[in-house]
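J.:
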Amino acid sequence: LGLALCAGSLYVASGTTFLYHDYCIIGAGPSGLQAAYFLQRAGRDYVVFERSHAPGSFFALYPRHRKLISINKRYTGKSNSEFNLRHDWNSLLSHDRRLLFRRYSRDFFPHADAMVRYLEDFASLLKLRVQYNTAIIHVTLERDVQAWNGHYFLLTDQDRQNYKCSSLLVATGTWVPNVVNFPGSEHVEGYETVSINPEDFAGQTVLILGRGNSAFETAENILGVTNFIHMVSRSRVRLSWATHYVGDLRAINNGLLDTYQLKSLDGLLEGDLEDLAIIKDKKGKLHITLRFYLESRNTSAGIDSITLPQDELDNFATRAPYDRVIRCLGWKFDFSIYNRSLRMMPGKGNKKKYPQIKLNYESRGTRGLFVLGTASHSVDFRKSAGGFIHGFRYTTRAVHRLLENRHHGVPWPSTVYPITQLTNSIIKRVNEASGLYQMFSVLADIILLRENATAFEYLEEYPIGVLPELEVQTGRKAPNGLFVIIMEYGRNFSGADKDVFYYNRAVGEAQHAWQSNFLHPVIYYYKRLPTEREMRLRPPDWPLPRPDAVHHIVEDFLTDWTAPNAHVLPLRRFLENCLSTDLRNFFAESCFLFAFTRQKLPPFCQQGYVRMQGLMGSQGLRRHAVAAGLLEDYPLTDFSGDRPPDSRDGSEDQLLRDHVIPVRPLQHLVNAKDE
């Protein structure tokens, strides 16, 4: 039994020795280290395989010009650590306050070397079990009905050492450069190897293939020394402030847009790169032509015998020869190490650079294989932040919680509150939760109602794509209805062609909250858990099926949803309408009155006043309540006969000290009522 439970147990099968772990993580980048942290905190048997000598090897090379575009906002005016993570896009989640990225860099856009140092410290200070200099070169399956998922994962490294795992977490990211093959593509330099010294481009004419941040980053570096720069790509430029997608072009890199639109020689072109061809002349200049011009022609005969577009169209846009052509087309996932038995298939369309996974981040082809980090971005590609640290640190935690429930019977963490705390719980989370804020429309807080709506169970940051499977995935039951809290942008506010700075773009009135454009909380109410069919047939661009009721909290310029009239009151009334109850808080005197005048007490009185719980009285509190019109100013009279009629203040002080209300004789109460 001891050997079976020992981390790193040895298995021998068919003469081959396997080193066993429950969980194997491939890659010690940010997502791999984040997964290792959660497994270690849970006391699980795991190992991380890293091909390099240190974690975060991707950041040792990229970005080439060493400036990250993930913001490092060190000051927010708040001391709430959860809120501050909304504006810290580089820190991983941990209990160690030393491991906040603001301690590693003072720059708003940090140097990439700071990320390398941070990841090294994260692994070492937390004593994560990372096996360096171990490149996994082959992964296959071994069927076994006794295994967690009906099979084991068999891994082989570069030294032919074999490993066996029950669950495989792939955190390798996307690191294989995208390459487009066309005639003359051998003359193209790659982003991964091109010089980053601007002086090497002095007086040159440059063509850049691509239109992402790596392309504009490269252009920004050489903008001041080149003759001119042209940039060509299949799609038009997409600005992150218009699309609200952080993977689109960021303002820090868009200097070329200025020089293009302000007529300073540089320019952008749209065209399919596969239709291009490059011809090199005797002087080493690179000429751009189209592939069909080269069909049925002998390209080795020399440029003079080849028809160029400008021979027929004398104002052809790229008729000027270039000194250099640079490829900046991003990266894709490495499928080469996975055996066909795992059925790791690329996605379709613009998601083909990612592996196909389900909405719970599990491979579509193999149970027990989960994809983490950037490689899992197909779930929310061009929608949310799941491809970046400030997004996948939360989706990685969600995957860990799913695994804890599936393999170890540990339900999704939750907290039970009385129903009187429903409004406060929602307001607190929408004002400080970072996971909801960063993974908008992807992760949601779930409120499970107890019988008769007397209490509720609160689950944080659950993937809404698998909402129909909530009971199976979390180990929690939802028989009495639920609320789903997510963050959303306005339906028609984001897009490459949208003007997000138009006049009257913001909504300020609570009655028009459903028209809010900027990121704001939305609460969906379901009387029962939605089905998978309802999830598939939901309206276009809706993150969830049509609910029984929905409420938008109006957008706020300060992202501070605590205004009593604009934010809290409409939310409370929405919740009351859904639950057919009164969620207001009352003073003890009001509860006392309700006890004699109503058949059913409000929940606050039932759970507080009747159980002798609630706010302790004081003179200041009473005066405030009277001034606000919440209580009538009944005089506190001493009926004991021991005090003179003019000693009201002393009587009130005595009552507040003793917390005892003298009981009037029944006849006196009747007479008082008659009066």
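In this text, residue positions in the sequence shown follow full-length UniProt numbering: the first is 1, and each later residue adds one. Here a beta-carbon is modelled for each residue, glycine too, at the ideal position from N, C-alpha and C. Quantities reported herein were computed from a predicted structural model and do not represent experimental measurements.
1) Would you kindly report the start and end of the unbroken alpha helix (DSSP H) that includes P30?
2) Touching or not, the stretch 183 to 194 and the stretch 318 to 328, by the rule of three or more beta carbon pairs under 8 Å?
3) L257 to Y20, Cα distance in whole Å?
4) Buried or exposed: where does F596 fall if 16 or more other Cβ atoms within 10 Å of its Cβ makes it buried?
5) Touching or not, the stretch 479 to 487 and the stretch 445 to 456, by the rule of three or more beta carbon pairs under 8 Å?
6) In whole angstroms, what is the alpha-carbon distance linking N253 and D499?
7) In this structure, does DSSP put Q356 in helix, strand or coil?
8) Tell me whether P521 sits in a helix, a strand or coil according to DSSP, three-state version.
9) Give me the residue from G387, V170 and A453 with the minimum Cα distance to F370.
10) Excluding the 5 residues preceding and the 5 following G27 in the sequence, name in chain order all residues of the same chain whose CB lies nearer than 6 Å to its CB.
11) Since P570 is in the alpha helix (DSSP H), which residue starts that stretch and which ends it?
12) Please state whether the Cβ-Cβ distance between Y437 and R117 is less than 7 Å.
13) Do the stretch 150 to 161 and the stretch 344 to 356 meet, that is, are 3 or more Cβ pairs less than 8 Å apart?
14) Since T289 sits in a beta bridge, which residues does DSSP pair it with?
15) For the candidate residues A375, F333, P413 and A566, whose alpha-carbon lies nearest to that of residue 682?
16) In angstroms, rounded to a whole number, what distance separates the CA positions of residue 747 and F392?
17) Where L593 and W241 are concerned, what is the direct C-alpha to C-alpha distance, given to the nearest angstrom?
18) Going by C-alpha to C-alpha distance, which of S166, D582, L467 and Y23 sits closest to W148?
19) Does the distance from the CB of V246 to the CB of L269 come in under 7 Å?
20) Hey, would you say residue 696 sits closer than 7 Å to F228, going by beta carbons?
21) Take E220 and list the residues in its own chain whose beta-carbon comes closer than 6 Å to its own, dropping the five residues that flank it on each side.
22) Let's see if you can read the secondary structure: which residues bound the alpha helix (DSSP H) around Y462?
23) In whole angstroms, what separates the C-alpha of residue 681 from that of R160?
24) Going by DSSP, which residues form a beta bridge with H111?
25) Candidates Q146, P110 and N431: which alpha carbon is nearest R66's?
26) Among the candidates M612, Y524 and V139, whose CA atom is the shortest distance from the CA of L342?
27) Using DSSP with H/G/I as helix, E/B as strand and the rest coil, what is Q473?
28) At the level of alpha carbons, what is the spacing between D380 and D275?
29) Please state whether DSSP places residue 676 in a helix, a strand or coil.
30) Quick one: what's got a C-beta closer than 8 Å to T16's C-beta in the same chain, skipping five residues either side?
31) Residue ranges of each alpha helix (DSSP H) run of no fewer than 4 residues wholly in the stretch 221 to 281, ordered along the chain?
32) Per the DSSP calculation, N72 is bridged to which residue(s)?
33) Is there contact here, the stretch 419 to 428 with the stretch 114 to 128, by at least three beta-carbon pairs under 8 Å?
34) Straight-line CA distance for D649 to L631?
35) Going by the CB atoms, is the gap between E432 and N80 shorter than 7 Å?
36) Would you kindly work out how many angstroms separate the C-alpha atoms of K282 and A320, rounded to a whole number?
T.: Result, derived from the coordinates:
1) P30 to R41
2) yes
3) 54 Å
4) exposed
5) yes
6) 20 Å
7) coil
8) strand
9) V170
10) A171 and T172
11) L569 to L579
12) no
13) no
14) A277
15) Look at the range of the chain in this structure, 1 to 675, and you will see that residue 682 is not part of it.
16) Look at the range of the chain in this structure, 1 to 675, and you will see that residue 747 is not part of it.
17) 55 Å
18) S166
19) no
20) Past the edges of the chain, shown from 1 to 675, lies residue 696, and the structure says nothing about it.
21) N253 and G255
22) Y462 -> not in any alpha helix (DSSP H); beta strand (DSSP E) instead, spanning A455 to P463.
23) This structure leaves residue 681 out entirely; the chain is present only between 1 and 675.
24) K67
25) P110
26) V139
27) helix
28) 30 Å
29) Outside the displayed range of the chain (1 to 675) lies residue 676, so it cannot be described from this structure.
30) N162
31) 240 to 243 and 255 to 261
32) D88
33) no
34) Here the model assigns D649 a pLDDT of 48, short of 50, so the residue's position is not dependable, and the following value carries that caveat. Looking at the two C-alpha atoms, the distance is approximately 18 Å.
35) yes
36) 15 Å
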